[in-house]
Each structure stands twice: as structure tokens, then as C-alpha cells.
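The structure appears below as C-alpha cells.
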Amino acid sequence: MIRLRVWANAQPMGWFGHEAAQYFFQYDEQWIKDEAAFPLAPQFELRLEPHRGDAIKTFFANLLPEGTPLDEVLNQIQLRDANTFEIIGEMGADLPGVLSVLPEGKEPDTQQKYSELSKEELSQRVQARAQKKPLLTSNEQTRMSLAGAQDKVGLRYDGKRDRLYDSVGGSPTTHIAKPDSRLEKYQPSAINEYLCMKLAHEMRLSVPRVDLIQVPETLYVVERYDRAVVKGEIVCLHQIDACQLLGVGADWKYERQGGLVSLKKIVDAFRGLMLSGKDLLSVQRWVMFNYLIGNSDAHAKNISLMVNSQGYELAPFYDLLCVQAYGDNDLALFIGDESTYDAVGSHSWEAFCEDCGFGFKPTMRQFRKMAEDIGKSWDKTVATAISQHQINESEKALVERIGAVIDANSKAALSMTAA
Ligand SMILES: Nc1ncnc2c1ncn2[C@@H]1O[C@H](COP(=O)(O)OP(=O)(O)OP(=O)(O)O)[C@@H](O)[C@H]1O
Ligand SMILES: [Mg+2]
Numbered sequence: 000m001i002r003l004r005v006w007a008n009a010q011p012m013g014w015f016g017h018e019a020a021q022y023f024f025q026y027d028e029q030w031i032k033d034e035a036a037f038p039l040a041p042q043f044e045l046r047l048e049p050h051r052g053d054a055i056k057t058f059f060a061n062l063l064p065e066g067t068p069l070d071e072v073l074n075q076i077q078l079r080d081a082n083t084f085e086i087i088g089e090m091g092a093d094l095p096g097v098l099s100v101l102p103e104g105k106e107p108d109t110q111q112k113y114s115e116l117s118k119e120e121l122s123q124r125v126q127a128r129a130q131k132k133p134l135l136t137s138n139e140q141t142r143m144s145l146a147g148a149q150d151k152v153g154l155r156y157d158g159k160r161d162r163l164y165d166s167v168g169g170s171p172t173t174h175i176a177k178p179d180s181r182l183e184k185y186q187p188s189a190i191n192e193y194l195c196m197k198l199a200h201e202m203r204l205s206v207p208r209v210d211l212i213q214v215p216e217t218l219y220v221v222e223r224y225d226r227a228v229v230k231g232e233i234v235c236l237h238q239i240d241a242c243q244l245l246g247v248g249a250d251w252k253y254e255r256q257g258g259l260v261s262l263k264k265i266v267d268a269f270r271g272l273m274l275s276g277k278d279l280l281s282v283q284r285w286v287m288f289n290y291l292i293g294n295s296d297a298h299a300k301n302i303s304l305m306v307n308s309q310g311y312e313l314a315p316f317y318d319l320l321c322v323q324a325y326g327d328n329d330l331a332l333f334i335g336d337e338s339t340y341d342a343v344g345s346h347s348w349e350a351f352c353e354d355c356g357f358g359f360k361p362t363m364r365q366f367r368k369m370a371e372d373i374g375k376s377w378d379k380t381v382a383t384a385i386s387q388h389q390i391n392e393s394e395k396a397l398v399e400r401i402g403a404v405i406d407a408n409s410k411a412a413l414s415m416t417a418a
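Going by numbering that gives the first Met the number 0, the letters in the sequence shown line up with residues 0 to 418, in that order.
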């Protein structure tokens, strides 16, 4: 039997291990007895008997990056062909949500430490991606993992002083920084995510604070909603994404990959966890907002829940981008039965409401209102961003394209919702 210690902040939560050709997770007795205890995910109820099998592996694998960033990280830390257990063992000091996974016998540092990170150094790290040096492992003073297929790194950002800090020795990061995509097709991307998140805020969707920094490479910086400050210390909060909730791996995050995830499945699962009516309405608005901004990449790892001893709440929204501006028209999660933008019509929204148990008429009223408002909100968002940041020519061109996508989608929405 081999096992790793799973921590929730400074408290031992359980063991992640491998025994008799099976993965397992076992809660600590102390954890179960604690009034403030919460489960890893709803399917892993709080009990002393270990949870076994592939579901455990899937849960932890969902905390790792995907695709090229994962391959490059494994190369960098010389772990090619490693299994989920070994990778989590290496990268688990600072994980998405509350979790920190360390070798048996090693305790998390009680002193939180950070060292200043100059913009020059960050710029070099961004450039080093061209030599396949991943951003995620670019801070040599700690190890961390963040999910997703884009390059990113956890750090601290003091927006008031415009200063950046590296985490030292597993201290929790409070922000995530994402440079422009390395794929030419998706360039530039940082400005896209920054503006779409600002637009979401303008339209009163719940989103964390975001910034745009230029080192001089542009990076999008988002505050981590899975961190809070309590008595001057950073405390981590538990979150799970919809893949973890539905018990499926990141490979299945798109509905077209076999239909393991869908808006119906996600909303049904949310209802099963007694999510508030307000949160369910937010999910509905998330779907409509994504449609309007051309975010066809809103897959099952792009929506999450916060978990605590009181239950489950919708996490703020993240990873909002207009990917239609790069020519992507296939919907990550279908609207009704439709898998592409062009096929979506009022029948799709009717099916969406039916699938998710939403009233059709009030949903369409909400959709129409959003479609009416979004153009003005976009113009305002762009004007503010231009007054605060130096936007280069390719960024300006992209902003134009996003504006055109929003215009076309909101017109389509207005015609779909016409009385
Ligand atoms: N502000 C945030 N606070 C806490 N966790 C976050 C935040 N933003 C993202 N995350 C977590 O990190 C994961 C990766 O983030 P994000 O979706 O932005 O990455 P990505 O690489 O662009 O994803 P994709 O693979 O969809 O392109 C998310 O699935 C979410 O769990
Ligand atoms: Mg994502």
C-alpha cells in the first residue's frame, strides 16, 4: 500500500492511496467528527470506510492540467509516463480548492511565505514557454497544480501597488495569471478573457476581480475565489467542477465526446444538492451570457461549486471568452439538442428550459433583456479598458471581432425571443 496525506488548510482530511491494484481515499476519523467537515465531493460521503476505485482517480486527475501543459510539466519534472498518484504526489502542495497533498510525514508550513516576482522575471517565464518550459512549474520555490488546457500560474498580485509575488513552500496562491495562448489561432487571448469577465461583471453576473498586466507581454490576472483572508492569513476554500461532480474525467468535458456531460445532467445534479433558486437562475444566465458573447467553449470544467459543511453553492464564473471570434462554432454543452451556434433557435431554448426545469416564458424574458443590454455594456466595458490599458493593434482587431460576434448573437437572440 502506498499513500499520500490530504490536507484541508492545516487540518488532515484523509489519505489518497493505492492498494491491491485500486485507488482509495479514506477520511481521517478526526475529520469526520469535526463539525466543519465537508466531503471531497458529494459521491464520497463522510464515512470511515475507504472509498475505492476509479472514481477516486478521476477526482484527483481532474485537479491536473490537460494536454500540452500537462505533457510539458511532466517532462519538466521528469515524470513522463507517471500515473495520477505520482503526479499528484509531486504537484499537490497547492491544488485547486482547499486541497493540498503531501508525502506522508510532511506537514504544510504554518508560516505563509511569498517572495517578490519582478515583471522582468515574469516576462522571461512567459517567453520561456517557447522552449517548452511550462509556466505552471516556473516558480521553483513551490509546486502547484491548476486544471485546464491553457498555460497559467498561481501567484499573488497586489493590484493597488501593481506588485507580483511568488508563493514559497506551498503557501497558497491568491491569483491565477494567464498569458496569451501559444496557439496562433487563439491569439490574442488575455484581452479577450479580461474583457468578457469585465462584461460579465457589468451585466451583474458573479465573477471574481480581474486585471490585465503588461510585463510587457499581456497577462490576464484573476483573483482566486477559492481563497479568503481570515485574520491576515490566506485560507483555502473547497471547490469542485462539474466533471468532478458528475464523476467524469477531463477527457469527457465536451458533450460531443459521448454525452457524459450536458446542461441537463449538470442542472439535475445541482438540484440534487439543493442549490438555491438564485444559484439555478445564475446558471441559466451563464448559459445565455455564453451564447451572447460567443463562448462556445463553456464545458463541464468551466463551471464549479463551492463546498463547505453547510452544503453547496455556485462558484463565481470564470474562463469566459468569445471563442467564436477565432472561428469556433461548436457548442461545448448543447442548447436543447443543438450542438452548433447556427442551429440554435427558439426551439433550442424551449428544449433547454424543458431539460433543466426552467419556465420557458420567464427565461425568454430574461434572455431578451440580456440581448437588449449587452451591446451597450460591451461598448462601456471596452471604453473603460481602452482608457486604462495600452491595447495593441492585434488586440484592437480582436476587440472589433468580438463586438461583431456579440452584435450578431444578440440580434439572433432578439429574433428568437420576439413575441
Ligand atoms: N478565479 C478562480 N479562482 C479559483 N479557481 C479558478 C479560478 N479560475 C479558474 N479556476 C479553476 O481553475 C481551472 C482552470 O481555469 P480556466 O478554466 O480559466 O483554465 P483554462 O486552461 O483556460 O481552461 P480550458 O481548458 O477550459 O481552456 C478551472 O476549471 C477552475 O476550477
Ligand atoms: Mg477552463
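Think of the CB as a built atom: it goes at the ideal place given N, C-alpha and C, for glycine as much as any other residue.
With 16 other Cβ atoms within 10 Å as the buried cut-off, status of residue i
i: GLU394; result: buried
i: ASN82; result: exposed
i: GLY52; result: exposed
i: LEU145; result: buried
i: LYS360; result: exposed
i: ARG160; result: exposed
i: ASN138; result: buried
i: GLN283; result: buried
i: ILE86; result: buried
i: GLU254; result: buried
i: VAL341; result: Note on residue identity: the sequence assigns Asp, not Val, to residue 341. The residue is exposed, with fewer than 16 neighbouring Cβ atoms inside 10 Å.
i: ASP150; result: buried
i: MET143; result: buried
i: ARG364; result: exposed
i: ASN191; result: buried
i: MET273; result: exposed
i: LYS32; result: exposed
i: ASP165; result: buried
i: PRO107; result: buried
i: LYS252; result: buried
i: GLN323; result: buried
i: SER470; result: Given that the chain is displayed from residue 0 to residue 418, the structure contains no residue 470 and the question cannot be resolved.
i: ASN328; result: exposed
i: SER414; result: exposed
i: ASP210; result: buried
Residue i - partner residues in DSSP beta bridges
i: ALA418; result: Partner(s): none; ALA418 has no beta bridge.
i: GLU312; result: MET305
i: GLN283; result: In the DSSP output, where bridge partners are listed per residue, GLN283 has none listed.
i: TYR26; result: GLY13
i: GLU399; result: DSSP output for GLU399 lists no bridge partner at all.
i: ILE212; result: LEU218
i: GLU115; result: TYR164
i: ARG4; result: TRP14, LEU101
i: ARG51; result: PHE23
i: ASP329; result: THR339
i: ILE334; result: GLU337
Chain B contact for residue i (CB, 8 Å cutoff)
i: THR57; result: This model lacks chain B altogether; it includes just one protein chain.
Residue i beta carbon near ligand 4 (any heavy atom closer than 7 Å)
i: SER303; result: Ligand 4 is absent from the structure shown, which contains only ligand 1 and ligand 2.
List, from N- to C-terminal side, the alpha helix (DSSP H) runs of 4 residues or more that fit wholly inside the segment 336-365. Every unbroken stretch of the alpha helix (DSSP H) spanning 4 or more residues and falling wholly within the segment 336-365 is given here in chain order: 345-355.
When you get a sec, list the residues whose CB is within less than 6 Å of any heavy atom of ligand 2, chain order please. Shown in chain order are the residues whose CB sits closer than 6 Å to a heavy atom of ligand 2: GLY147, LYS300, ASN301, ASP318.
Which complete alpha helix (DSSP H) runs does the segment 133-207 hold, if anything under 4 residues is left out? Counting whole runs of 4 or more residues, the segment 133-207 contains the alpha helix (DSSP H) stretches 189-201.
Are the segment 84-98 and the segment 273-290 in contact at 8 Å, needing three or more beta carbon pairs? For the pair of segments examined, the segment 84-98 was found not to touch the segment 273-290: the number of CB pairs separated by less than 8 Å stays below three.
Does the segment 282-298 touch the segment 324-342, meaning 3 or more C-beta pairs lie closer than 8 Å? The segment 324-342 is in contact with the segment 282-298.
Does the pairing of the segment 310-320 with the segment 342-350 give three or more beta-carbon distances under 8 Å? Contact between the segment 310-320 and the segment 342-350 is absent, because fewer than three Cβ pairs lie under 8 Å.
Taking 8 Å as the threshold, find out whether the segment 299-314 comes into contact with the segment 377-389 through three or more Cβ pairs. Touching, no, given that fewer than three Cβ pairs across the two stretches are closer than 8 Å.
Any chance the segment 231-240 sits against the segment 199-210, with 3 or more Cβ pairs inside 8 Å? The answer is no - the segment 199-210 does not touch the segment 231-240, with fewer than three Cβ pairs under 8 Å.
Which runs of the beta strand (DSSP E) fall wholly inside the segment 53-102 and span at least 3 residues, in chain order? The qualifying runs are 98-102.
Going residue by residue through the segment 218-305, where are the continuous alpha helix (DSSP H) segments of at least 4 residues, counting only ones entirely within it? The segment 218-305 contains these whole alpha helix (DSSP H) runs: 241-245, 262-271, 276-292.
How about the segment 70-80 and the segment 30-42: do they share at least three Cβ pairs that are nearer than 8 Å? Short answer: they don't touch.
Given 8 Å as the limit, is there contact between the segment 211-220 and the segment 177-188, that is, 3 or more CB pairs closer than that? Judged by Cβ distances under 8 Å, the segment 211-220 makes contact with the segment 177-188, as three or more pairs qualify.
Should the segment 121-137 be regarded as contacting the segment 42-60, the criterion being three or more beta carbon pairs within less than 8 Å? Counting Cβ pairs under 8 Å, fewer than three are found: no touch.
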